[in-house]
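Written out below as structure tokens is the structure these notes cover.
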Amino acid sequence: MNPKLKEKIQESLSAVLPITAIVLVISIFLVPMELGTIVMFLVGAMMMVIGMGFFQLGAEMSMTPLGEGVGVQISKTRRIWNVILVALAMGFIITIAEPDLQVLAGQVPAIPNMVLILTVALGVGIFLVLAVLRILFKINLATMLTVCYLLIIALSFFVPGNFLAVAFDAGGVTTGPITVPFIMAMGVGLASVRSDRDAASDSFGLVALCSVGPILAVMILGLFYNPADAAYTAAEVASVVTTQDVAREFFRELPQYAGEVLMSLIPIVLVYLLFQAVTKRFKKRQNVRMGVGFVYTFIGLVLFLCGVSVGFAPVGTLLGSELASSAWKWLLVPIGMLIGYFIVRAEPAIQVLNKQVEDVTSGAISASAMNRCLQIGVAAAVGLAMVRVLTGISIYWIVIPGYAIALILSRLVPKIFVGIAFDSGGVASGPMTSTFLLPLCIGACEAAGGNVMTDAFGVVAMVALTPLIAIQIMGLVYKRKMNKAAGTEAVDLQDDILELEEAEL
């Protein structure tokens, strides 16, 4: 086996193992499950581990260099209209290629799938243009985000209540495993040609702004479509008796996911071929490596999405339903927080973000520190989501104060933490959130007799929100330590000067 692939699979195992263990413990003590259901769950976990390993290596070999290359070429383009057209096309194509968007479109039947997909893709394309122009013209990210989120909050008062949570969720699911590696690498490429001190901090923030586009786009769409009939079809646990039944269930779904991922990757491959034909940027050896990377990405996403959808999602629905129906329904809050704490490490794009942060900051912000902050943030988000499911609290009471705190913090922390924090929000709400945490909330909401559209939807939005606050708090701690260190150095320097003067006397 490729040593690098083996290393990635081992990292994936350490990420998926805790959440698997939690579900198994719950099945023993709180929600007894049939043996067939457990086997389906374990096979899904195994596919996730292998799939995540392939995906991470594939994204590193193909999506990252392609994104960086596009970013560098855009930076060298003198004609601003060329920059705008390329960024708009990239955002549009990459978003259509995002598998998570297909999942969201299928959950909102009140709007035709293609209408929703094209609208969201256009929103991402427009905001990717704004994100690129921000880097090129050195516009302050905190100011742009403040204006954007104030616009979102103002518009939200005109959106039908049943559609509001779906609109906020759209911003999270759109920045998934296909979009994030490309857009983040594009930001690094854009900033790499600059030599000023803000280049590193400006390389972040593209994902943050691209998460705003879908929210606004879906809100505007909600003004024209009647979302009252929108419904979510919960995943059901397959009835299996033998191991052959288990294999049959997964093999039955594999072609569907293979087709979806293939259709998602084809536009990216076409972009790569066109980019290479025009720029001749990559040498023969690099082209071969990127070709292998695309194959690895395809294999990884097929295995991951099939495993999480067939094995994990039905169990999430079952757990939520059974816990909410029991006398200990309030255990959903701590259990949800525990699941949220560990599930964020199983998101494929999280590891891509953490590695890039560590590389860009030369280890000043470590991947382990990022993981801990994101885990705490997502745990809080899932806990709040479960409180909403059980009480029916409006999402307004969480989202508006949450974004207000995040925007205030953006004025107090170092610039690089603003971009990293808002990027983290989009990255944290990936396929694990939409295919396990959302079904968990759906199952609990239906069992508790709540309104699925207003009470269960919104968990993706909250998972996207809390890292904004957690990472920026880490930024405040980092700033305080740096100021303390600078103060200590100043005192030491002053002492040295005094000692020198005394010696001269």
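Going by the working numbering, the sequence shown opens with residue 2, and the numbers climb by one from there.
Every residue, glycine too, gets a C-beta built ideally from N, C-alpha and C.
- Query: If you drop the 5 nearest sequence neighbours on each side, which residues of the same chain put their C-beta closer than 8 Å to that of L156?
  - Reply: Same-chain partners within the cutoff: L217, M220, I221.
- Please go through the same chain and pick out, in chain order, the residues whose beta-carbon is closer than 7 Å to the beta-carbon of V1, but skip the five residues on each side of it. Only positions 2 to 506 of the chain appear in this structure, which leaves residue 1 out of reach.
- Item | Contact under 8 Å by Cβ, V414 with K480 | yes
- Cβ-Cβ separation, V167 to F458 (assumed contact under 8 Å), whole Å: 5 Å
- Task: Name the residue from P178, V272, L131 whose alpha carbon lies nearest to the alpha carbon of E427.
- Result: Reading off the sequence shown, one finds Gly at residue 427, where the question assumed Glu. Selected option, being the one with the closest Cα: P178.
- Compare the beta carbon distance of I366 and V379 with 8 Å and say whether it is the shorter of the two. no
- Query: Exposed or buried, what is T38 when buried is set at 16 or more other beta-carbons lying within 10 Å of its beta-carbon?
  - Reply: buried
- Query: Beta carbon of L207, beta carbon of G188: below 8 Å?
  - Reply: yes
- Query: Where does I470 fall in DSSP's three states?
  - Reply: helix
- Message: Tell me which residue opens and which closes the alpha helix (DSSP H) that D509 is part of.
- Response: Because residue 509 is not part of the residues shown, which for the chain are 2 to 506, the question remains open.
- Item | Distance cut-off 7 Å: T144 Cβ against heavy atoms of the ligand ZN | Because no ligand of any kind appears in the structure shown, any question about the ligand ZN cannot be addressed here.
- Task: Leaving aside the five residues before and after A183 along the sequence, list all residues of the same chain whose C-beta is less than 6 Å from its C-beta, in chain order.
- Result: A small fix is needed here, since residue 183 is Phe in this sequence, not Ala. So the list reads M64, G68, I95, once near-sequence residues are dropped.
- Between V241 and L31, what straight-line distance do the alpha-carbon atoms span, to the nearest angstrom? 22 Å
- Best match in V121, G70, S322, A239 for proximity to S212 [C-alpha to C-alpha]: V121
- Distance CB(L508)-CB(V453) smaller than 8 Å: The question about residue 508 has no answer, for the chain in this structure spans 2 to 506.
- Environment of K7 [buried if 16+ CB atoms lie within 10 Å]: exposed
- Query: Does the Cβ of I81 have 16 or more other Cβ atoms within 10 Å, making it buried, or fewer, making it exposed?
  - Reply: exposed
- alpha helix (DSSP H) segment containing M49, residue limits: 36-59
- Item | Where the alpha helix (DSSP H) containing A171 begins and where it ends | 162-175
- Where does K9 sit, in a helix, a strand or coil, going by DSSP? helix
- Pairwise C-alpha distance: I417 and G476: 9 Å
- Task: Kindly indicate which three-state DSSP category T21 falls into: helix, strand or coil?
- Result: DSSP places T21 within a helical segment (H, G or I) once states are collapsed to three.
- According to the Cβ coordinates, are M239 and M41 closer than 8 Å? For the record, residue 239 in the displayed sequence is Ala; it is not Met. Cβ distance < 8 Å, so A239 and M41 count as in contact.
- On the three-pair Cβ rule with 8 Å, is the segment 123-142 touching the segment 86-93? yes
- Query: Within this structure, are the beta carbons of G294 and G444 separated by less than 8 Å?
  - Reply: No, the Cβ-Cβ distance between G294 and G444 is not below 8 Å.
- Query: Are the Cβ atoms of V464 and G173 separated by less than 8 Å?
  - Reply: Yes, the Cβ-Cβ distance between V464 and G173 is below 8 Å.
- Message: Taking a contact to mean a Cβ-Cβ separation below 8 Å, would you say V44 touches G312 in this structure?
- Response: yes
- Query: What three-state label does DSSP hand A218 in the structure shown?
  - Reply: helix
- Can you tell me the Cβ-Cβ gap for T298 and G59, rounded? I've got them flagged as a contact below 8 Å. 3 Å
- Message: Can you check which of these residues, V181, L385, A143, Q245, is closest to D203 by C-alpha distance?
- Response: A143
- Check each candidate in S425, I340, G321, M53 and name the one with the smallest Cα separation from A1. The chain is shown from 2 up to 506; residue 1 falls before or after that span and cannot be answered.
- For M185, which of A16, A209, G308, F169 has the nearest alpha-carbon? A209
- Message: On the DSSP letters alone, give me the boundaries of the alpha helix (DSSP H) that W329 sits inside.
- Response: Neither: W329 is in no alpha helix (DSSP H) and is coded neither H nor E.
- Message: Taking 8 Å as the threshold (C-beta atoms), are A314 and M49 in contact?
- Response: no
- Task: Can you grab the Cα-Cα spacing for the pair A386 / C149, in whole Å?
- Result: 24 Å
- Item | Three-state class that DSSP yields for P33 in the structure shown | coil
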